[in-house]
Every structure is written in structure tokens, then in C-alpha cells.
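> Every letter in the sequence shown is one number past the one before it in the working numbering, and letter 123, counting from 1, is 305. Here it is, the structure, as C-alpha cells.
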Amino acid sequence: MKGNLVITIGRQSGSGGKEIGQKLAEKLGVKCYDKELLALAAKNSGLCEELFETYDEKPTSSFLYSLVMDTYSVGYTNSAYMDMPINHKIFLAQFDSIKKLADEESCVIVGRCADYALAEYPNMMSVFISATDSDRITRLKEKYNMDDSKAKDLMVKTDKKRASYYNYYSSKKWGDLRSYDFCVSSTAVGIDGAVDAILNFARLKQKWNQKDK
């Protein structure tokens, strides 16, 4: 990893998490990976990019979880990997791409269990962005040009999908403050305020990590 700072962002639907990630990356002078990670994982794995879009942050059935992680530990060439359901292959490809990114550069990664993939990386900082339901619905209405009812439905379904995906693949609980280094409400401090708060916390964490070196 060579001291690379990687900030991972979990977010409630409509909380402004992606915008915060992009502004954060801009201030740090690094790249922000969201959907871009899908193309990167497809390129690294040789799998079709459309498959990554289809299974992106989607929950999966609970069986074969141990097979997924066992296969990750032994590589992609054994028969277990060849017989693995495509959604598990997609997860493993993203898992590897996230680790590869962290080894190569400082960056911001939005979603996709990046904090779990990089759990052993000392310079990874995990963040969760929340907001009030009213703020989230308003933001979704404006973004997708929909009414209150459709915006609320999208918000609930997206959160449920992200939580199922995160809870299944990681050993933690989506949205639980104990699962992250830092949690911030974009309602309380605004988008730019959240960016500044995350940057300040990142500096403090790096200082704390270096104190015993």
C-alpha cells in the first residue's frame, strides 16, 4: 500500500454520499471510484462489464458464502471458482480490484464493501454518510425528477439492497456506527461541511497511526 490513503464511503440513498466522495477526492487531488470500479473490475477479471452492472451492490442468496471466501484464499484457477455462481465471481473481482487500487494509489471508493476489502490496510478510513428522510427524498426527487412517493420508494429499496449486500459479504452491519471509523450527517453540516469533517478526521487518524512509529 506504501502509505496510500484510501477513504471508503458507505451511504444512505439520497444522502449525497457520491457527491461528498467526489468533492473529497477533488480536495485530496485523487480519483473517486464509484461506477468506475465496475469497468476496472471487468478489465482486471476478463468478465463482461454488463455483468458487473447487473449485479452491482445487489444482495445474494446466503448459500455458498464459505465457498466464495475459500476460493478467494486459493485463487481463481481451481474447480470451485469455475463452478461458482456469477454473482460471487463478480464480488471477488471487485474485491481484488479494490485491493489493487489501494496498493497503487490514494483514492476515494464509494460503496461495494470497500471498507471490508481493505480492513487490514492501516491507512484505510471508513466513512458512513446519513441524512434525514426528508432531505434524502428531496434530493432524490430533484435528481431523478420524480414525486415524493416514488422517491421514498426508491430510497427504501436502495437502502435495503445496499444493507443486504454489505451485511452478507462483510462481517459487519450496514449503517451501524460500530462498522465505521467516522459517521456524519449531511443534513447536520451540509455537503461541504461533511467533506471538511471527513478531511479533518482523516488527518487526525493519520496522526494517531503515526504516533507509535
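The beta carbon of each residue, even a glycine, is placed where N, CA and C say it ideally should be. Since this is a predicted model, take the numbers as computed values, not measurements.
(1) Where does Val-212 fall in DSSP's three states?
(2) In the DSSP assignment, find the unbroken alpha helix (DSSP H) run with Gly-375 in it and report its ends.
(3) Whose CA, out of Leu-206, Ala-313, Val-292, lies closest to the CA of Ser-197?
(4) With DSSP run on the structure shown, which of helix, strand or coil describes Gly-199?
(5) Closest to Ala-301 by CA distance: which of Lys-213, Tyr-351, Leu-210 is it?
(6) With a 10 Å radius around its C-beta and 16 neighbouring C-beta atoms as the bar for buried, classify Cys-230 as buried or exposed.
(7) I need the DSSP call for Val-331, collapsed to helix, strand or coil.
(8) May I ask you to check if the CB of Cys-214 is nearer than 7 Å to at least one heavy atom of the ligand SAM?
(9) Does DSSP put Ser-352 in a helix, in a strand, or in coil?
(10) Give a yes or no on whether the C-beta atoms belonging to Phe-310 and Arg-193 are separated by under 8 Å.
(11) Once you ignore the five residues that flank Lys-323 on each side, which residues in its own chain have a CB closer than 6 Å to its CB?
(12) Could you give the DSSP three-state label for Ser-312: helix, strand or coil?
(13) Are the region 220-236 and the region 343-358 in contact at 8 Å, needing three or more beta carbon pairs?
(14) By the three-class DSSP mapping on this structure, what secondary structure does Leu-187 have?
(15) Give the secondary structure of Gly-192 by DSSP, where H, G and I count as helix, E and B as strand, and everything else as coil.
(16) Let me check understanding here. Comparing Cα to Cα, which of Lys-282, Asn-186, Lys-205 lies closest to Leu-381?
(17) How is the alpha helix (DSSP H) around Glu-232 delimited, first residue to last?
(18) My guess is that Gly-293 and Asp-216 are in contact by the Cβ rule of under 8 Å, so how many angstroms apart are they, rounded?
(19) I'd like the list of long-range same chain contacts for Tyr-362, defined as Cβ closer than 8 Å, with 5 residues on each side in sequence excluded.
(20) If I'm right that Ile-268 touches Leu-233 with Cβ under 8 Å, what's the distance once you round it to whole angstroms?
(21) Is the CB-CB distance between Tyr-303 and Ala-275 below 8 Å?
This is what the structure gives:
(1) Translated into the one-based positions of the sequence shown, residue 212 becomes position 30. The answer is coil: DSSP assigns Val-212 none of H, G, I, E or B.
(2) Looking up residue 375 in the sequence shown gives position 193. Looking at the DSSP string, the run of the alpha helix (DSSP H) that includes Gly-375 is 368-392.
(3) Numbered from 1 along the sequence shown, position 15 holds the residue referred to as residue 197. Answer by Cα proximity: Ala-313.
(4) In the sequence shown, the residue the question calls residue 199 occupies position 17. Residue state, collapsed to three classes: helix.
(5) Position 119 of the sequence shown, counted from the first residue, corresponds to residue 301. Relative to Ala-301, the option among Lys-213, Tyr-351, Leu-210 whose CA is nearest is Tyr-351.
(6) By 1-based counting over the sequence shown, the position of residue 230 is 48. The residue in question, Cys-230, is exposed, as its Cβ has fewer than 16 Cβ neighbours within 10 Å.
(7) The sequence position of residue 331 within the sequence shown is 149, counting from 1. Going by the sequence as given, residue 331 is Ser instead of Val. Assigned with DSSP and collapsed to three states, Ser-331 falls in helix.
(8) As far as ligands go, the structure on display features none, and thus does not contain the ligand SAM.
(9) Taking the first residue of the sequence shown as position 1, residue 352 is located at position 170. Looking at Ser-352 - three-state DSSP - the assignment turns out to be coil, as it is neither helix nor strand.
(10) Residue numbering aside, residue 310 sits at position 128 when the sequence shown is read from its first letter. Residue numbering aside, residue 193 sits at position 11 when the sequence shown is read from its first letter. Taking 8 Å as the Cβ cut-off, Phe-310 and Arg-193 qualify as a contacting pair.
(11) Taking the sequence shown and counting its residues from 1, one reaches residue 323 at position 141. Only Ala-333 meet the Cβ criterion.
(12) Counting from one through the sequence shown, the residue named residue 312 turns up at place 130. Ser-312: strand per DSSP, three-state reduction.
(13) no
(14) Taking the sequence shown and counting its residues from 1, one reaches residue 187 at position 5. In the structure shown, Leu-187 sits in coil (DSSP, three-state: anything other than H, G, I, E or B).
(15) Within the sequence shown, residue 192 is the residue found at index 10, counting from 1. In the structure shown, Gly-192 sits in a strand (DSSP, three-state: E or B).
(16) Within the sequence shown, numbered from 1, the residue matching residue 381 stands at position 199. Nearest C-alpha to Leu-381: Lys-205.
(17) Counting from one through the sequence shown, the residue named residue 232 turns up at place 50. First-last of the alpha helix (DSSP H) with Glu-232: 231-236.
(18) Reading the sequence shown from its first residue, position 111 is the one you call residue 293. Reading the sequence shown from its first residue, position 34 is the one you call residue 216. About 7 Å separates the two Cβ atoms, so the contact holds.
(19) Translated into positions along the sequence shown, residue 362 becomes position 180. Answer for Tyr-362: Gly-192, Asp-297, Ser-308, Val-309, Phe-310, listed in chain order.
(20) In the sequence shown, counting from the first residue as 1, residue 268 sits at position 86. In the sequence shown, counting from the first residue as 1, residue 233 sits at position 51. Confirmed, about 6 Å.
(21) Translated into positions along the sequence shown, residue 303 becomes position 121. Translated into positions along the sequence shown, residue 275 becomes position 93. No. Outside cutoff.
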